[in-house]
Amino acid sequence: MRRTMAACSTILLAALSAACATSGQTQTEQAAQNAPATLSFWSTGGDDETATFQKAADLYHQKHPNVTIKVQTLAWSDAYAKLLAAATSRSGPDIISGGMTWTIQFGARGAMVDLRKHGADALKAQALPAQWESAVSPDGSVFGVPLDMSTMTLYYRTDLLEKAGVEPPRTWEELPKAIVRLKAAGVRKPYSQDWGNLDWIGYFNYLYQAGGSFYTPDCKPSLDTPQAEQALKYWADLYREHGAPTATVEGSDALDTGTAMVVAGNWIAKGIDLNKPKLKGKWAMATLPAGPAGPTTFIGGRAIGVTSFSKHVKTAAGFVTFLYSDEAIAAISDEAKKRNISYIPPRPDKIVDGSVFTPEQAQVFETAIRTGKAAPGCPGWDESASDVAKQLQSAILGKADVKTALAEAAEVMERNAR
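The sequence shown lines up with residues -21 to -1, 1 to 397 when you count with mature numbering (1 follows the signal peptide of the UniProt record, and there is no 0).
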């Protein structure tokens, strides 16, 4: 029988007043919320990353002894396929994490909970606006929220730049000049790109630095602009005119084998001194060179959301909210430090405060993220990304001119948006 707030005024029901004070919940609802629950969380990434999030789950269990959350690793290589299968079959985990726009795609299939009904607005105020927008569906639904951040910077060999009398390049104009001077000083490998090499993520930086974008605000493909052409031509010239290798070499390996400047992700920062001890004291970081429209850096990371087929939606949403708390971020950061993981929390105010990085490294990441942009959350983008990358490659490898490559990429995006 429903226990309403009106019934609470009856003296005979005074013993039930504590239960009645829970915003009109029924006894059944309260019992369900307080009943023991074991939730599964499929976390895309590596086992060490899973262990860091398990620390937050264990902390949540300490505060809510009736709730147990088991975090399971999904490798990036097949995570999307496994999560899509779960979304299609309506069976599987209570909580998922994956690429920033994945929850949008699964939400469109009815497989995710709209977190606006579970306090997402409070998280929005704490998140990086550009990254938050990447996780939000075009209709405003919030099927996932940022779980962490990733970004890229320019790693460079201080000894090689000093030898050539070169400062870390700050602009598009300075970058090719630095490459030329490094070559003249005998540096055989002046520049390379790790994360985003021959991929849309690599182009992303130049596109937004030129003032362009993949889509308009209303999700129409926007690669038919002078800015998009300027960006692709500049990027292609780094390969074709200035010798950037098309073969990808992991960032720390590139530095270790004599590359002077490497564009790479934040995750290599923690491991360089440990894995490449000969480089200690010989490398540093800087933000990416700014383009005509200013400095912009790709902001990646993972989104986390609650599945619509979970039997514990409110509990799962409560855990997602908890991950934005100071104590949860501290627990994750502490474990990340122990495991030498380059964790960047979803709250910009925590990038430097309690960072797993050195103060100098954290400052570079914070500066990069401040003007960063994230992947487009438009319909069809995830289906288009790999084909868009192929068209960009065709321009870099001389198989198509810039305008044709961009037109073909836009056609793919338009087709998948329908």
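Beta carbons: idealized from backbone N, C-alpha and C, even for Gly.
Starting from the C-beta of Trp55, find all residues in its chain whose C-beta is less than 8 Å away, skip the five residues before and the five after it, and write them out in chain order. Thr23, Gly24
Report all residues from its chain with a CB closer than 8 Å to the CB of Gly98; omit the five preceding and five following residues, and keep chain order. Ala296, Thr300
Close beta carbons around Tyr170, own chain, < 6 Å, minus the five adjacent residues each side: Ile158, Ala223, Met240
Under a three-way DSSP split, which group does Ile330 fall into? coil
Delimiting residues of the beta strand (DSSP E) encompassing Met240: 238 to 244
Using CA coordinates, which residue listed in Trp179, Gly89, Asp173 is at the minimum distance from Ala226? Asp173
At a threshold of 6 Å, does Gly190 count as lining the ligand HEM (C-beta to nearest heavy atom)? With respect to the ligand HEM, the structure shown offers nothing to examine, as it has no ligands at all.
Enclosing beta strand (DSSP E) for Ala379 [first to last residue]: Neither: Ala379 is in no beta strand (DSSP E) and is coded neither H nor E.
Cys(-14) by DSSP, collapsed to three states: which one? Residue confidence is low: Cys(-14) scores 40 on pLDDT, short of 50, so the model does not pin down where it sits. Its coordinate-derived value is still stated next. Three-state result, Cys(-14): helix.
Taking C-beta to C-beta, are Thr80 and Gly356 nearer than 7 Å? yes
Spatial distance of Gly181 from Lys42 (CA atoms): 42 Å
Other residues of its chain near Glu208: CB distance less than 8 Å, five sequence neighbours each side excluded: Val381, Lys382, Leu385
Name the one or two DSSP bridge partners that Gly78 has. Arg281
Going straight from the alpha carbon of Ala114 to that of Lys162, what length do you get? 42 Å
Check whether the stretch 251 to 261 touches the stretch 325 to 345, counting contact only when three or more Cβ pairs, one atom from each stretch, lie closer than 8 Å. no
Use the C-beta contact count for Glu28: other C-beta atoms within 10 angstroms, 16 or more gives buried, fewer gives exposed. buried
Run through DSSP, which three-state label would Ala106 get? coil
Please classify Arg397: is it buried, with 16 or more other beta-carbons within 10 angstroms of its beta-carbon, or exposed? exposed
Roughly how many angstroms lie between the CA atoms of Ile74 and Ile283, to the nearest whole one? 7 Å
Contact the stretch 192 to 210 vs the stretch 126 to 137: 3+ CB pairs below 8 Å: no
Let's see if you can read the secondary structure: which residues bound the beta strand (DSSP E) around Trp262? 262 to 265
Might you give, ordered along the chain, the residues of its own chain that have their beta carbon closer than 6 Å to the beta carbon of Lys259, omitting 5 neighbours on each side? Asp252
Where the beta strand (DSSP E) containing Ala16 begins and where it ends: 16 to 23
Beta-carbon contacts of Ala310 that lie in its chain and below 7 Å, excluding the five residues immediately before and after: Lys34, Ala35, Leu38
Are there 16 or more other CB atoms within 10 angstroms of the CB of Thr238, so buried, or fewer, so exposed? buried
Taking DSSP as the reference, what is the three-state secondary structure of Gly351? coil
Residue nearest to Gly175 in terms of C-alpha spacing, selected from Asp118, Gly279, Pro108, Glu390: Gly279
If Leu211 sits next to Ala374, beta carbons under 8 Å apart, how far is it from one beta carbon to the other, in whole angstroms? 6 Å
Alpha carbons only, please: which of Ala353, Ser68, Asp328 is nearest the one belonging to Gln342? Asp328
Could you tell me whether the Cβ atoms of Thr67 and Gln188 are closer together than 7 Å? no
Cβ pair Thr266, Ala347 closer than 7 Å: yes
Only counting the same chain, and skipping five residues up and downstream in sequence, which positions put a Cβ closer than 7 Å to that of Asn184? Leu267, Thr275, Thr276, Phe277
In three-state DSSP terms, what is Ser68? helix
Distance, Cα to Cα, Ile247 vs Ala14? 43 Å
Considering Lys316, what are the terminal residues of the alpha helix (DSSP H) in which it resides? 305 to 317
Give me the residue from Arg167, Gly144, Pro125 with the minimum Cα distance to Ser76. Pro125
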